[in-house]
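Remarks on the structure that follows.
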Amino acid sequence: MEETTAHNERVFHGTPVSGGVAIGVVRVIGGRFEEPRFRLIAKNKVESELATFEEALSSTRSELESLIRRLDSEADRQSREIIEMHLMVLDDGLINDQVKKLVRDERMCAEFAYYRVAKDCMDSFARIPDAYLRERALDIKDVAQRVLQHLTGDCRDDGTGDEPAICIAHDLTPSETAQLDRQKVLGFAVELGSRTSHTAIVARSLNLPAVVRLHDLLEELHNGDKVLLDGDDGLLILNPSEATLALYRAREVEVEKREAKLLASSAAPAITKDGRRITVGANAEFVEELPHIRECGAEGVGLFRTEFLYLENPEAEEDRLVEVYTQVVKTASPNLVIFRTLDIGGDKLDPAYKGEEEQNPFLGWRGIRVSLSRPKMFRQQLRAMLRASLHGPVGIMYPMVCSVREVVEANAHLAECRRELEEEGLVFTHPVQRGAMIEIPSAATIADLLAVHVDFFSIGTNDLVQYTLAVDRVNERVSDLYQTTHPAVLRLIRNVVEAAHQKGVWVGICGEMAGDISATPLLVGLGLDELSASSGQVARVKHAIRQLDAGECARFVQESLMESDAEVIHERSLEFALHHYPEILEE
């Protein structure tokens with residue numbers, strides 16, 4: 013992280029991941045999960061140390077229970093259930109018994125023993141580079157940090173303070189996000205992260221500024237410090253001068269005018285200058301996001317992630333799934349909601365699998381592979397989605413597809429579930445569309461064969477880029493190689509669109525690329541029928557499409573596909589976009 017200083021003002025440079033500017037005070041969330049100092053307990057102090065440990069558990073329990081009581085509205089349901097899961101982690105007998113054993117047998121101080129046990133538990137998950145496995149490790153970390161803060165007396169803010177603030181964190185986790193009072197969050201600044209990290213995605217969905225990769229920021233900032241966060245240029249300014257504030261306030265007035273103008277026209281369809289209609293939907297994960305999705309002009313939900321219910325409770329009942337899915341469909345109706353079936357590693361759902369560490373989890377048991385090997389669970393989810401379709405248009409898509417056989421087998425389960433429900437007396441008035449996610453190069457290559465068995469494709473560019481280029485998108489060492497405009501990626505997308513259209517199948521895209529308006533000319537030119545972005549980007553994407561000519565974009569794509577350098581393609585696409593809609597792009 014580069015730093016410059018002018019008088020008392022200090023400027024920190026990071027990576028912008030969600031645009032906008034916020035001015036406010038710092039609220040430090042969480043902190044680093046660091047090893048506490050080791051202390052050897054005297055023999056006659058062991059019982060006292062165990063009592064201290066029990067007191068820390070009790071204080072943490074009270075803290076979590078208080079938070080649950082605060083999260084009492086329907087909109088807070090998912091956040092509340094995450095905290096309820098934290099209570100289960102807190103009361104985990106295996107963890108706590110190991111801690112007590114270390115205190116008794118090795119006379120370790122409680123904080124060091126708890127750190128050691130929690131770290132071992134986290135490592136069993138965190139060694140595996142699967143996003144959802146990491147989230148489980150982070151859930152354990154969240155609870156452990158709370159306990160350790162009570163043991164050491166170093167209690168930090170939990171994000172529930174009274175004053176609106178800019179949240180500063182080492183790495184904001186899903187559960188930490190769930191605890192925040194989002195009405196009092198002005199923006200996010202974190203030490204880790206990337207454009208596809210949890211912090212970035214949440215910030216864009218909430219339309220808040222965010223900057224990541226602000227290394228060692230927690231060493232420099234404290235609760236209550238005044239800062240300015242620039243999510244457009246990737247800056248965090250500590251103690252901004254009056255001149256700086258005046259400059260940004262003037263800019264903010266212009267931005268607000270521009271945003272108001274965008275929102276005023278956001279309900280209108282996205283039609284190119286030569287008359288081509290492109291649907292623009294929004295990605296979502298929680299029910300509480302849905303009101304904003306309607307407000308931003310989204311034409312339905314192009315991706316609803318269903319993993320959170322299973323992460324909270326792998327044994328979730330069908331009626332619970334129906335309740336949530338129905339709420340989503342009713343809110344979005346009459347527009348289409350596309351549910352993605354489970355896209356998580358199998359160890360999250362099968363206790364017998366936990367001990368089997370995969371050598372290459374990104375290439376292992378996840379997505380549709382897990383669902384097909386767990387037919388009872390899969391059919392329960394399909395039944396719930398079908399039941400929700402009684403209330404509005406629904407699409408169901410299968411993630412991580414690599415073969416025709418997988419789609420055929422999944423469709424067979426879907427058809428059988430529908431027959432079962434019809435026999436139970438349900439009458440379906442809305443046809444349910446079947447779809448496959450194109451995230452693996454093999455699926456893109458055989459799109460013509462897959463198209464026979466589906467109604468639509470949804471291209472998940474986050475994983476498609478990762479698998480095509482063999483680049484871990486959250487690894488900073490190779491992040492420069494993660495290029496959405498790589499000619500191999502663009503050619504695969506073109507292949508999918510052409511193959512699908514020949515079979516009468518429509519194609520959408522739901523990765524982060526869909527919300528990148530510098531890439532919109534490429535996506536329009538490639539012939540995508542639908543773009544599904546974070547809700548904060550929907551109005552911009554629709555505006556961008558209206559400024560473009562689809563025929564001109566198609567010619568631009570043809571020229572771009574002859575270029576071998578991804579950076580050159582990106583620069584040309586940005587120039588193309590700046591020529592057509594400079595008013596919503598920053599130089």
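Anchor point for the sequence shown: position 74 equals 86 in the working numbering, and the numbering is continuous, going up by one each time. Glycine included, every Cβ here is placed at the ideal spot set by N, Cα and C.
Three or more C-beta pairs below 8 Å linking the segment 457-472 and the segment 500-518:
yes
Using the beta-carbon count (16 or more within 10 Å), is G527 buried or exposed?
Your numbering for residue 527 matches position 515 in the sequence shown. Flag for G527 reads buried.
Could you tell me the distance, in whole angstroms, from the CA atom of H465 to the CA atom of N347?
Mapped onto the sequence shown, residue 465 falls at position 453. Mapped onto the sequence shown, residue 347 falls at position 335. Going by the C-alpha atoms only, they are around 23 Å apart.
When you compare the CB positions of L274 and H555, do they come within less than 8 Å of one another, or not?
Start at 1 with the first residue of the sequence shown, and residue 274 comes out as number 262. Start at 1 with the first residue of the sequence shown, and residue 555 comes out as number 543. Yes, the Cβ-Cβ distance between L274 and H555 is below 8 Å.
Should A400 and V299 be called a contact, given that it needs their Cβ atoms to be closer than 8 Å?
For the purposes of this step, residue 400 is identified with residue 388 of the sequence shown, where counting begins at 1. For the purposes of this step, residue 299 is identified with residue 287 of the sequence shown, where counting begins at 1. No, the pair does not count as a contact, with Cβ atoms beyond the cut-off.
According to the neighbour-count rule (16 or more other Cβ atoms, all chains shown, within 10 Å of its Cβ), is A448 buried or exposed?
The residue labelled residue 448 in the question sits at position 436 within the sequence shown. That one is buried.
Beta-carbon separation of E75 and R158 under 8 Å?
Here residue 75 refers to the residue found at position 63 when the sequence shown is read from its first residue. Here residue 158 refers to the residue found at position 146 when the sequence shown is read from its first residue. Yes, the pair counts as a contact, with Cβ atoms nearer than the cut-off.
L230 - containing alpha helix (DSSP H), residue span:
Stepping through the sequence shown from its first residue, residue 230 is reached at position 218. Counting along the chain, L230 falls outside any alpha helix (DSSP H), and DSSP gives it neither H nor E.
Spatial distance of G419 from S576 (CA atoms):
Here residue 419 corresponds to residue number 407 of the sequence shown, with the count starting at 1. Here residue 576 corresponds to residue number 564 of the sequence shown, with the count starting at 1. Correcting the residue identity first, residue 419 is Val in this sequence and not Gly. Going from the Cα of V419 to the Cα of S576 covers about 34 Å.
Measuring straight from C-alpha to C-alpha, what distance separates D151 and S71?
In the sequence shown, residue 151 corresponds to position 139, counting from 1. In the sequence shown, residue 71 corresponds to position 59, counting from 1. Cα to Cα, D151 sits roughly 18 Å from S71.
Minimum C-alpha distance to V101 - residue among N251, Y126, R82:
To locate residue 101, count along the sequence shown from 1; it is residue 89. Of N251, Y126, R82, the residue nearest in Cα terms is Y126.
Who are the Cβ neighbours of F65 in its own chain at under 6 Å, not counting the five residues just before and after it?
Translated into positions along the sequence shown, residue 65 becomes position 53. Cβ within range, chain order: A122.
Starting from E564 and walking both ways along the alpha helix (DSSP H), at which residues does that stretch end?
The sequence position of residue 564 within the sequence shown is 552, counting from 1. Note, E564: alpha helix (DSSP H), 562-572.
Can you give the beta carbon distance from I249 to V265, rounded, assuming they're within the 8 Å contact cut?
Sequence index remark: in the sequence shown, residue 249 carries index 237 (1-based). Sequence index remark: in the sequence shown, residue 265 carries index 253 (1-based). In fact, because the Cβ distance is near 18 Å, the residues do not count as touching under 8 Å.
Using DSSP with H/G/I as helix, E/B as strand and the rest coil, what is F468?
One-based indexing of the sequence shown puts residue 468 at position 456. Three-state DSSP puts F468 in a strand.
Any beta carbon of chain C sitting closer than 8 Å to that of R332?
The structure shown contains no chain C; it is built from a single protein chain.
Report the CB separation of M412 from E451 in whole angstroms; it is logged as a contact under 8 Å.
Here residue 412 corresponds to residue number 400 of the sequence shown, with the count starting at 1. Here residue 451 corresponds to residue number 439 of the sequence shown, with the count starting at 1. With 8 Å as the limit, M412 and E451 qualify as a contact, their Cβ atoms being about 6 Å apart.
Alpha-carbon to alpha-carbon, R263 and L433:
Counting from one through the sequence shown, the residue named residue 433 turns up at place 421. Counting from one through the sequence shown, the residue named residue 263 turns up at place 251. Rounded to the nearest angstrom, the two C-alpha atoms are 56 Å apart.
Could you give the first and the last residue of the continuous beta strand (DSSP E) run that contains T291?
Residue numbering aside, residue 291 sits at position 279 when the sequence shown is read from its first letter. Counting along the chain, the beta strand (DSSP E) containing T291 begins and ends at 289-296.
Sheet register partners of C179 (DSSP bridge):
Within the sequence shown, the letter at position 167 stands for residue 179. Paired residue(s): R39, F200.
If we call anything under 8 Å between Cβ atoms a contact, is A215 one with S383?
For this step, residue 215 is matched to residue 203 along the sequence shown. For this step, residue 383 is matched to residue 371 along the sequence shown. Cβ atoms of A215 and S383: not closer than 8 Å.
Same chain, Cβ closer than 7 Å to K57, five either side skipped, listed in chain order:
Counted from its first residue, the sequence shown places residue 57 at position 45. Excluding residues within five positions, none has a Cβ falling inside 7 Å.
Contact between the segment 547-565 and the segment 489-499 (3+ Cβ pairs under 8 Å)
no
R332 versus L230, T291, R395, residue with shortest Cα-Cα distance:
Along the sequence shown, one-based indexing puts residue 332 at 320. Looking at the Cα atoms, R395 is the closest of the given residues.
Around the Cβ of E301, are there at least 16 other Cβ atoms within 10 angstroms (buried) or fewer (exposed)?
As a first step, residue 301 must be located in the sequence shown, where it is residue number 289. With 16 or more other Cβ atoms within 10 Å, it is buried.
From the DSSP secondary-structure annotation, give me the bridge partner or partners of Y8.
Only positions 13 to 599 of the chain appear in this structure, which leaves residue 8 out of reach.
Delimiting residues of the alpha helix (DSSP H) encompassing G105
For the purposes of this step, residue 105 is identified with residue 93 of the sequence shown, where counting begins at 1. From DSSP, the alpha helix (DSSP H) with G105 extends over 105-118.
Opening and closing residue of the beta strand (DSSP E) in which V299 lies:
Here residue 299 corresponds to residue number 287 of the sequence shown, with the count starting at 1. Neither: V299 is in no beta strand (DSSP E) and is coded neither H nor E.
If we count the other Cβ atoms within 10 Å of its Cβ and call it buried at 16 or more, is T441 buried or exposed?
Within the sequence shown, numbered from 1, the residue matching residue 441 stands at position 429. It is exposed - the Cβ of T441 has fewer than 16 other Cβ atoms within 10 Å.
In this structure, what does DSSP give as the bridge partners for S605?
Nothing can be reported for residue 605: it is not among the residues displayed for the chain, which extend from 13 to 599.
Using CA atoms only, rank isn't needed, just tell me which of L184, A177, L204, E319 is closest to K196.
Reading the sequence shown from its first residue, position 184 is the one you call residue 196. That would be A177, whose Cα lies nearest to the Cα of K196.
Neighbour-count burial assignment, N20, 16 or more Cβ in a 10 Å radius
Mapped onto the sequence shown, residue 20 falls at position 8. So N20 counts as exposed.
Reduced DSSP secondary structure (H/G/I, E/B, other) of L394:
Position 382 of the sequence shown, counted from the start, is the residue given in the question as residue 394. Of the three classes helix, strand and coil, the one that applies to L394 here is helix, per DSSP.
Residue interval of the alpha helix (DSSP H) (run including H592):
Taking the sequence shown and counting its residues from 1, one reaches residue 592 at position 580. Unbroken alpha helix (DSSP H) run through H592: 578-592.
Please tell me whether R317 and R352 are closer than 8 Å, where the distance is taken between their beta carbons.
The residue given as residue 317 occupies position 305 in the sequence shown. The residue given as residue 352 occupies position 340 in the sequence shown. Cβ atoms of R317 and R352: closer than 8 Å.
Relative to the C-alpha of D484, which residue among M409, S209, E96, E175 is closest?
The residue you call residue 484 lines up with position 472 of the sequence shown. Nearest C-alpha to D484: S209.
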